[in-house]
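What follows is one structure encoded as structure tokens, with my remarks underneath.
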Amino acid sequence: EVQLVQSGGDLIQPGGSLTLSCAASGISVNVDYLSWVRQVPGKGLEWVSVMHPDGKTYYAGPVKGRFIISRDSSKNTVFLQMTSLRVGDTAVYYCASSTGWPGFDYWGQGTLVTVSS
Amino acid sequence: QSVLTQPPSASGTPGQKVTISCSGGRSNIGSYIVNWYQQIPGTAPKLLIHSDSYRPAGVPDRFSASKSGTSASLAISGLQSEDEADYYCGTWDTILDGVVFGGGTRLTVL
Numbered sequence: 019e020v021q022l023v024q025s026g027g028d029l030i031q032p033g034g035s036l037t038l039s040c041a042a043s044g045i046s047v048n049v050d051y052l053s054w055v056r057q058v059p060g061k062g063l064e065w066v067s068v069m070h071p072d073g074k075t076y077y078a079g080p081v082k083g084r085f086i087i088s089r090d091s092s093k094n095t096v097f098l099q100m101t102s103l104r105v106g107d108t109a110v111y112y113c114a115s116s117t118g119w120p121g122f123d124y125w126g127q128g129t130l131v132t133v134s135s
Numbered sequence: 002q003s004v005l006t007q008p009p010s011a012s013g014t015p016g017q018k019v020t021i022s023c024s025g026g027r028s029n030i031g032s033y034i035v036n037w038y039q040q041i042p043g044t045a046p047k048l049l050i051h052s053d054s055y056r057p058a059g060v061p062d063r064f065s066a067s068k069s070g071t072s073a074s075l076a077i078s079g080l081q082s083e084d085e086a087d088y089y090c091g092t093w094d095t096i097l098d099g100v101v102f103g104g105g106t107r108l109t110v111l
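As they're listed, the protein sequences go chains A and B.
Using this note's numbering, read the first sequence as starting at 19 and increasing by one per residue.
Using this note's numbering, read the second sequence as starting at 2 and increasing by one per residue.
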């Protein structure tokens with residue numbers, strides 16, 4: 019059974035930094051496509067970033083240069099480092115994995131990031 | 002404004018068939034597979050359909066999907082109350098170099 023367990027959401031001031039974690043079981047973070055998708059409460063889904071199995075990364079325009087996706091194979095965990103946070107980054111962040119691309123086969127439970135002064 | 006266009010709402014009575022459309026362009030639906038996701042409010046999204054028309058294990062065959070050109074559609078037959086949820090289409094866009102989603106369709110079972 020695949021499980022993605024997220025942690026790291028918090029209330030953070032504009033301009034601050036935060037790292038989200040997503041611990042995987044039932045999959046290997048070296049083999050699957052690993053993604054982050056966010057959702058402002060009451061709004062639609064917005065893709066944030068993906069790391070391909072070969073390590074290649076892609077980012078959505080609004081977060082490019084501020085967010086970094088990475089993985090730690092020894093912990094089977096994927097991370098999202100977020101810097102220069104803005105009020106507009108406030109959302110529930112989901113991690114997701116998939117065996118094919120594009121796609122999100124399995125999702126984490128989501129973690130709320132609130133950027134506010 | 003989402004790159005993929007979905008109707009904001011849809012509705013039907015139990016047992017009916019409902020169809021949700023997803024319209025895009027040559028750089029997204031016209032070039033890549035489409036996936037559909039179901040999100041019950043307050044929960045994480047769930048993969049409903051992958052690769053245009055394939056159901057993952059465990060998804061009832063009441064759910065079906067198709068794609069033609071730059072449009073895709075999701076059909077739910079034999080509507081049940083538990084189908085009340087938000088439905089999203091998604092794919093890759095070669096111009097934006099990123100995943101794009103539809104704005105979502107809120108399905109109400111009357």
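Note that the Cβ used here is the ideal one computed from N, Cα and C, for glycine as well.
Please read these numbers as outputs of a predicted model, since none were measured by experiment.
- Scanning its chain for C-beta atoms nearer than 6 Å, with the 5 sequence neighbours on each side dropped, one finds around residue 12 of chain B the residues 109 and 111, in chain order.
- Here residue 34 of chain B is buried, its C-beta having at least 16 other C-beta atoms within 10 Å.
- Among the bridge pairs identified by DSSP, residue 21 of chain A is matched with A:43.
- Two segments are said to touch when three or more pairs of C-beta atoms, one from each, lie closer than 8 Å; by this definition the region 122 to 132 of chain A does not touch the region 74 to 94 of chain A.
- Against chain A, the beta carbon of residue 102 of chain B has neighbours under 8 Å at 62, 63, 64 and 65, listed in chain order.
- For residue 54 of chain A, the enclosing beta strand (DSSP E) begins and ends at 51 to 57.
- From the beta-carbon of residue 120 of chain A, the residues of chain B found nearer than 8 Å are 33, 34, 36, 91, 92, 93 and 100.
- The Cβ of residue 105 of chain B sits closer than 8 Å to at least one Cβ of chain A.
- The Cβ of residue 46 of chain B sits closer than 8 Å to at least one Cβ of chain A.
- Rounded to whole angstroms, the separation of the alpha carbons of residue 108 of chain A and residue 30 of chain A is 9 Å.
- Across the structure, residue 6 of chain B and residue 103 of chain B are spaced so that their CA atoms are roughly 5 Å apart.
- If you compare the alpha carbons of A:35, A:19 and A:62 with that of residue 90 of chain B, the shortest gap goes to A:62.
- Nearest CB-CB separation between residue 3 of chain B and chain A: below the 8 Å threshold.
- With contacts defined as CB atoms closer than 8 Å, residue 67 of chain B and residue 78 of chain B fail to qualify as a contacting pair.
- Across the set A:113, A:89, A:105 and A:133, the C-alpha of A:89 shows the shortest separation from the C-alpha of residue 49 of chain A.
- Under the three-state reduction of DSSP, residue 60 of chain B is assigned to coil, being neither helix nor strand.
- Shown here is that no member of the region 27 to 48 of chain A has a Cβ falling below 7 Å from a Cβ of chain B.
- Residue 58 of chain A counts as exposed, since fewer than 16 other C-beta atoms from the protein chains shown sit within 10 angstroms of its C-beta.
- Of the residues B:16, B:10 and B:2, the one whose Cα lies closest to the Cα of residue 64 of chain B is B:16.
- Residue 43 of chain A is positioned such that its CB atom lies no closer than 8 Å to that of residue 24 of chain A.
- In terms of Cβ geometry, residue 50 of chain B and residue 36 of chain B form a close pair [threshold 8 Å].
- Here the C-alpha atom of residue 29 of chain B lies approximately 10 Å from the C-alpha atom of residue 70 of chain B.
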